[in-house]
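Which chain is which? The protein sequence lines are F and P, in order. Following numbering that gives the first Met the number 0, the numbering of the first sequence begins with 0 at its first residue and continues without gaps. Following numbering that gives the first Met the number 0, the numbering of the second sequence begins with 0 at its first residue and continues without gaps. Backbone N, C-alpha and C fix where the C-beta goes; we use that ideal spot for every residue, glycine too.
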Amino acid sequence: MNVIEVNGLSKHFGSFKAVDDITFDVKKGEIFGFLGANGAGKTTAMRMLTGLLVATSGNATVAGYDVNREPERVKARIGYMSQKFSLYEDLTVAENVTLFGGIYGLSDEQIREKLLEMEPASLKSLVGSLPLGWKQKVSFATAMLHDPAIVFLDEPTGGVDPITRRQFWNRLYEEADRGVTLFVTTHYMDEAEYCDRIAMMVDGRIAAIGTPAELKSNLNAASMDEVFVKLARGGVRS
Amino acid sequence: MTLTTAIRVDAISKSYGDVAALKNISLDVADGSLFGLIGPDGAGKTSLIRILTSLLLPDSGTATVLGLDVVREYKELRKRFGYMPGRFSLYQDLSIKENIEFFGAVFGSDMSTAYELIRDVYVQIEPFKDRKAGQLSGGMKQKLALCCALIHQPEILFLDEPTTGVDAVSRTEFWDMLTRYKENGLTILVSTPYMDEALRCDTIAFMKSGKILAVDQPGNMKKHFPKPLWSLKSVNRHALLKSLDGMDGVHSAWPFGETVHVALEEGMDFAGLPSDTIIRSIEPGIEDVFMELSR
């Protein structure tokens with residue numbers, strides 16, 4: 000079953016084709032890696048799929064809703080986590096969970112239950128005072144509060160130490176096993192290997208899509224690092 | 000101190016309130032070398048660089064750069080180093096050319112004086128020289144920041160996470176540039192959270208939670224890994240990880256791309272692995288060593 004279907008999706012800014020006619024599907028429970036050089040169009044594509052930006056042409060459904068016509072329904076069914084912004088640094092963990100729970104329409108009772116599931120020691124700490132690894136855990140838990148069908152993760156592990164990075168991927172595997180679909184961008188090529196399938200964007204288009212093993216074999220590359228360099232070197236934007 | 004030491008850090012500590020950012024750090028950086036501070040966010044890399052560039056006072060300990068004390072002789076020192084901070088620090092509403100001219104004027108230099116030094120970087124952004132810095136791509140901003148850090152022809156360059164958030168191709172190009180500057184005699188201290196970039200340095204210091212875990216040449220780091228290491232590969236990596244979890248004699252088991260790196264206790268052997276598992280003996284890499292030392 001596909002939970003994301005993208006068909007000829009484009010976004011132009013003036014004469015600049017930020018996203019240029021992309022088509023792909025993502026299945027339920029898949030960990031889908033979305034890679035590309037800076038400026039390749041990943042962020043623009045993600046903003047369209049999360050209902051934050053209207054496409055110039057083409058269409059996409061996410062969790063069964065059309066991103067152009069029903070962006071608010073899309074937003075209610077997805078979670079979003081970004082390295083740059085997810086939580087309010089000057090609120091405590093409990094306050095953040097309560098705030099986001101309220102925004103997602105959880106009842107007080109449901110919010111209380113979610114708080115009980117979290118590390119008790121962290122609840123009264125200001126988010127700004129937590130180590131990065133903790134922030135990232137809280138941020139993911141917050142993105143999961145409303146049991147979304149799909150979670151979009153934009154460079155979730157940037158700057159995190161290698162052990163915490165691997166623990167975070169274990170969490171992602173657990174959620175994928177439960178049927179949650181994970182749409183992930185990363186600059187760490189070893190993490191690209193952890194994805195079920197990968198789409199690689201170059202100059203606004205999808206230059207390759209497949210399992211890590213397929214991409215390596217098609218491009219005659221020993222590692223995902225080599226796949227990335229071979230494809231991205233073909234691009235003119237940077 | 001000898002003339003061959005460009006940076007000497009002696010027992011530096013720094014706290015912010017209750018948070019100890021640097022805990023009794025000491026290290027030497029050789030003149031003309033490319034030295035890497037490798038570690039995740041919160042390791043203390045930025046605090047150390049800010050102390051060495053006289054922007055932050057240590058609570059205790061001393062440090063010299065080019066033989067000058069970073070606290071007492073900061074005025075002289077500031078003329079002689081270049082600094083590229085982690086966050087983009089240029090004027091967004093000035094063009095490339097105006098930013099370079101501005102930083103040149105502040106340091107009593109200009110484009111023509113420094114041209115030999117910055118040419119390698121500048122030619123890559125020259126076609127856009129009238130574009131405002133705020134409208135540049137990440138890779139171009141980074142190159143402009145490097146030009147501005149070099150405009151007064153410094154003897155030593157500090158770069159705080161210049162490649163964070165930058166894609167793999169641009170990162171490689173940036174390190175190629177750093178290598179050329181080093182070969183021309185510039186001493187460079189650079190910080191990065193990317194373990195693979197350690198291989199581009201002459202010497203690296205692993206940092207975590209305000210401490211230095213080890214200092215060595217990247218090629219020697221494997222000596223700090225205490226046990227034999229194996230690379231295991233199975234079609235079903237999940238089953239493989241599960242079988243390793245709780246297996247007797249497993250010292251550590253971490254996913255590495257499509258493989259799992261496993262260290263065994265002395266005299267132990269594998270048992271009960273998925274039948275298709277391929278086992279290869281490997282040398283520990285930079286990330287293996289970092290994880291082992293930070294356990």
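Residue 204/F sits in a strand when the DSSP states are folded into three classes. Here residue 87/P carries a coil assignment [DSSP, helix/strand/coil].
Of the residues assessed, residue 82/P falls on the buried side of the cut-off, its CB having 16 or more other CB atoms within 10 angstroms. In the DSSP assignment, residue 138/F falls within the alpha helix (DSSP H) that extends over 131-142. Within the same chain, and ignoring the five residues on either side of residue 174/P in sequence, the residues whose Cβ sits closer than 6 Å to its Cβ are 199. Residue-level contact check: residue 226/F does not touch chain P, since none of the beta carbons of chain P fall below 8 Å from its beta carbon. Residue 98/P sits in a helix when the DSSP states are folded into three classes.
When Cβ pairs closer than 8 Å are counted between the two stretches, the stretch 222-234 of chain F is seen to touch the stretch 192-212 of chain F, the count reaching three or more. Bounds of the beta strand (DSSP E) holding residue 79/F are 77-81.
Positions of the beta strand (DSSP E) runs, each at least 3 residues long and wholly inside the stretch 164-196 of chain P, are given as 186-191 in order along the chain.
By the C-beta criterion, the stretch 118-130 of chain P is judged not to be in contact with the stretch 151-164 of chain P, since fewer than 3 inter-stretch pairs fall below 8 Å.
Contact with chain F is found for residue 166/P, since one of that chain's Cβ atoms lies less than 8 Å from the residue's Cβ. Taking C-alpha positions only, residue 37/P is separated from residue 196/P by approximately 9 Å. The beta carbon of residue 85/P sits no closer than 8 Å to any beta carbon of chain F. Short of 6 Å from the beta carbon of residue 271/P, and not among the five residues preceding or following it, lie these beta carbons of its own chain, in chain order: 242.
For residue 165/F, the chain P residues whose C-beta falls within less than 7 Å of its own C-beta are 253 and 254, listed in chain order. Distance from the CA of residue 176/F to the CA of residue 28/F, rounded to the nearest whole angstrom, comes to 7 Å. Distance between residue 181/P and residue 91/F, taken at the CA atoms: about 46 Å. Under the DSSP assignment, residue 57/F falls in the beta strand (DSSP E) whose first and last residues are 56-61.
Around the Cβ of residue 82/F, a 10 Å sphere holds 16 or more other Cβ atoms; the residue is buried. Non-local beta-carbon contacts of residue 58/P in its own chain, meaning distances under 7 Å to residues more than five positions away in sequence, involve 12, 13 and 14 in chain order. Taking the Cα of residue 95/F as reference, the smallest distance to any Cα among 30/F, 129/F and 137/F is reached at 137/F. DSSP places residue 191/F within a helical segment (H, G or I) once states are collapsed to three. In the assembly as shown, residue 186/F is a buried residue. Its beta-carbon has 16 or more other beta-carbons within 10 Å. At least 8 Å separates the CB of residue 117/F from every CB of chain P.
As summarised for the stretch 243-287 of chain P, the continuous beta strand (DSSP E) elements at least 3 residues long and confined to that stretch are 249-255, 258-263 and 277-281, given in chain order.
DSSP places residue 203/P in the uninterrupted beta strand (DSSP E) bounded by 202-207. Here the alpha carbons of residue 95/P and residue 117/P stand approximately 13 Å from one another. For residue 199/F, the three-state secondary structure derived from DSSP is strand.
Distance between residue 3/P and residue 27/P, taken at the CA atoms: about 10 Å.
With the criterion set as a beta carbon lying under 9 Å from some beta carbon of chain F, the members of the stretch 19-44 of chain P are 38, 39, 40, 41 and 42, in sequence order.
Residue 108/P is outside the set of residues whose beta carbon lies under 8 Å from a beta carbon in chain F.
A straight line joining the alpha-carbon of residue 90/P with that of residue 104/P spans about 14 Å. Annotation for residue 28/F: no alpha helix (DSSP H) segment contains it, and DSSP assigns it neither H nor E. Of the candidates 145/F, 120/F, 119/F and 118/F, the residue whose Cα lies closest to the Cα of residue 103/F is 145/F. Residue 131/F places its beta carbon less than 8 Å from that of residue 40/P.
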